[in-house]
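Residue numbers (this note's numbering), protein chains in the order written: chain U, 680 to 975; chain P, 95 to 436.
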């Protein structure tokens, strides 16, 4: 509680100094804001506008989405996939990022390179690599067969897509987690243990809540990027398990139904914003996040 | 062929290259097709002799993307002059996104009469042939199209083309006992009920290139595959054989986008392609069939094995109905997508 008061206090102090600083801040924001306005908000507005004015003014394109019996299924499937990918990535990345904060300088450099190396490799190359690994007669099938598990082909299955997506998204989880964790003052843990907390309690009550800002940013980043994933499900999955991006692609390039695709895109955007809002609500009670938000 | 998808990056790069190449010389056509070696063959068989004869340069762009075509026409900035697309698309977008052809330049009589439409003339026929892996079925190989839709008697992974309008539904209906002469109007629900039987063991390809690769890599045991890709796969050593029960044959049209900056030259180019020499040459290079059946391409041994038009395979040919597809493409695509993704 007290730390949250401190946080608000800091914010208060910052706001008293608002007299001089904001003008400069505004100028520095201008180029980025201009780029966003022209290349993001304007096209976005056009897409949304078309979705409510073509072929006739109204919400027909949206009504169709919720009544055609497939769009909602696809949307839910996409949300579920993104949730699973984000959760699995979190479970894998959390100990990894933690280890990054605990090893020597050289060890950290090595762990960082291990994360960044795939990050620097083209997404296409990585997807094709997964294609080869997951295909019939591929490495994964042969490996599992050697262990006595026969006929496992991941290519064209939801599991196969999820595995590849997790690998593609892992850097987006590790890096925010690491940056959040490296800012945590480890003396707080020492203090907790010196006051009689077991290591486990100290971790659960002190370290984990303090790492939450990193968890939230990593989780939301991975979740949102995964929602719009196209290449991986298109290459490794099957149309039987289409995600939103694939259905939108069909609407645009096969049906030339730009307004319908725009409507689906708008719904996806709204859902994404809702999820973001929910995530920020869930994470809100922690003082640490408040602090992070105030600092940011 | 319609809606073939290549990586966006490639498309972007070619757009940039196209823009960069846009110079003062407007006596240069931009030709758009599927890309890959198929378009290289079009360059060799059609564009180079055309440039030699007329002095008009031809540039290449791709892949064919009706969405991009629509966006260009809507924006009034058309950079494409001749597009190789499905006959159904040629009918469907005639007048809205495509220019009517100038039949004083393009010779109507060079094509089978039922294939000529207001905005498009055929460039070549392509067949969707039923092929199976000879190493998988031993001495009891599939014999009829019905076997493709019978996973009980013929287990194994299947693969079907990335486009809905080229034969999957037709094959399903034929397998279900429909008469080849009474396929159209397609009973889409009946066809989908038949495809439903193999849905779990079927890969719905994203591109034709993927089909070729899957056959070479042994990822599939049966496929409904286009001749061009079958030829490539067989040449690469894929152990596949065709079944000559039913072969759905369609054709691609050459069309001119509405507002093309080089309309006149585009018409001349289209007229040139119908000539015996360019048709035959392209058929030989790409393993497709010339639209003018008087033209006899000199096929190699592999091509003769998959030639649906040869006297011994001819009985299997069932012609697709571009006109029906033009009217029903959107409705069928919606139904199919819903069925597939649902």
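Note that CB positions come from ideal geometry on N, CA and C, so glycine has one too. Please read these numbers as outputs of a predicted model, since none were measured by experiment.
| Check | Outcome |
| --- | --- |
| In terms of residues, what are the limits of the alpha helix (DSSP H) holding residue 241 (chain P)? | 239-242 |
| Beta carbon of residue 83 (chain P), beta carbon of residue 166 (chain P): below 8 Å? | The requested residue 83 (chain P) is not part of the displayed model; chain P covers only 95 to 436. |
| Which whole-angstrom value is the C-beta distance of residue 122 (chain P) and residue 178 (chain P), which I expect to be below 8 Å? | Their Cβ separation, rounded to whole angstroms, is 18 Å, which puts residue 122 (chain P) and residue 178 (chain P) out of contact at 8 Å. |
| Can a CB atom of chain U be found closer than 8 Å to the CB of residue 179 (chain P)? | no |
| Output the boundary residues of the alpha helix (DSSP H) element that contains residue 424 (chain P). | 416-435 |
| Taking Cβ positions only, does residue 912 (chain U) come closer than 8 Å to chain P? | no |
| So residue 815 (chain U) contacts chain P; which residues on that side make the cut at Cβ distance below 7 Å? | 312 and 313 |
| Quick check: what's the CA-CA separation for residue 941 (chain U) versus residue 741 (chain U)? | 10 Å |
| In chain U, which residues lie less than 8 Å from residue 159 (chain P) when you measure between Cβ atoms? | 932 |
| Could you name each continuous alpha helix (DSSP H) segment of 4 residues or more that falls completely within the stretch 880-967 of chain U, going from the start of the chain to the end? | 887-906, 910-915, 923-928 and 937-962 |
| By alpha-carbon positions, which one of P:206, P:299 and P:335 ends up nearest to residue 234 (chain P)? | P:335 |
| Can you check DSSP and say which residues form a bridge with residue 216 (chain P)? | P:347 |
| Whole angstroms are fine: how far does the CA of residue 242 (chain P) sit from the CA of residue 412 (chain P)? | 17 Å |
| What do you get for residue 174 (chain P), buried or exposed, if any count of 16 or more other CB atoms within 10 angstroms of its CB means buried? | buried |
| Taking the CB atoms as reference points, tell me whether residue 804 (chain U) and residue 897 (chain U) lie closer together than 8 Å. | no |
| For my contact list, residue 347 (chain P) and residue 214 (chain P) are in at a C-beta cut-off of 8 Å; report their separation, rounded to the angstrom. | 3 Å |
| Kindly indicate which residue of P:136, P:194, P:314 and P:157 has the alpha-carbon position closest to the one of residue 231 (chain P). | P:314 |
| Check whether the Cβ atoms of residue 131 (chain P) and residue 220 (chain P) lie closer than 8 Å to each other. | no |
| Under 8 Å, Cβ to Cβ, is there at least one residue of chain P near residue 739 (chain U)? | no |
| What are the residues that DSSP puts in a beta bridge with residue 222 (chain P)? | P:320 and P:342 |
| Considering only C-alpha positions, which residue in the set P:407, P:388 and P:400 is nearest to residue 206 (chain P)? | P:388 |
| Measuring CA to CA, which of P:343, P:332 and P:376 is closest to residue 261 (chain P)? | P:343 |
| Going by C-alpha distance, which of P:182, P:187, P:156 and P:150 is nearest residue 168 (chain P)? | P:187 |
| Quick check: the Cα distance between residue 117 (chain P) and residue 718 (chain U), rounded to an integer number of angstroms? | With a pLDDT of only 42 at residue 117 (chain P), under the threshold of 50, the placement of this residue in the model should not be trusted; the figure read from the coordinates follows. Their Cα atoms are separated by approximately 27 Å. |
| For residue 266 (chain P), which beta-bridge partners are listed by DSSP? | The partner list for residue 266 (chain P) (beta bridge, DSSP) is empty, contrary to what the question assumes. |
| Is there a Cβ from chain P that is less than 8 Å from the Cβ of residue 935 (chain U)? | yes |
| Any heavy atom of the ligand ZN closer than 7 Å to the CB of residue 831 (chain U)? | For the ligand ZN, the structure offers nothing, since it holds no ligand at all. |
| Between which residues of its own chain and residue 239 (chain P) is the CB-CB distance below 8 Å, once the five residues before and five after are set aside? | 224, 265, 268, 269, 337, 339 and 340 |
| How is residue 155 (chain P) classed by DSSP in three states: helix, strand or coil? | strand |
| Leaving out five residues on either side along the sequence, give the residues of the same chain with a beta carbon under 8 Å from the beta carbon of residue 194 (chain P). | 188, 212 and 213 |
| Go to residue 822 (chain U), then tell me how far its alpha helix (DSSP H) extends in each direction, as first and last residue. | 818-825 |
| Run through the DSSP bridge pairs and tell me what residue 336 (chain P) is partnered with. | P:225 |
| Assign residue 304 (chain P) to one of three DSSP states: helix, strand, or coil. | helix |
| Under the three-state reduction of DSSP, which class applies to residue 296 (chain P): helix, strand or coil? | strand |
| Residues of the stretch 286-307 of chain P in Cβ contact with chain U at a cutoff of 7 Å, in chain order, please. | 293, 297, 298 and 300 |
| In chain P, which residues lie less than 7 Å from residue 747 (chain U) when you measure between Cβ atoms? | 432 |
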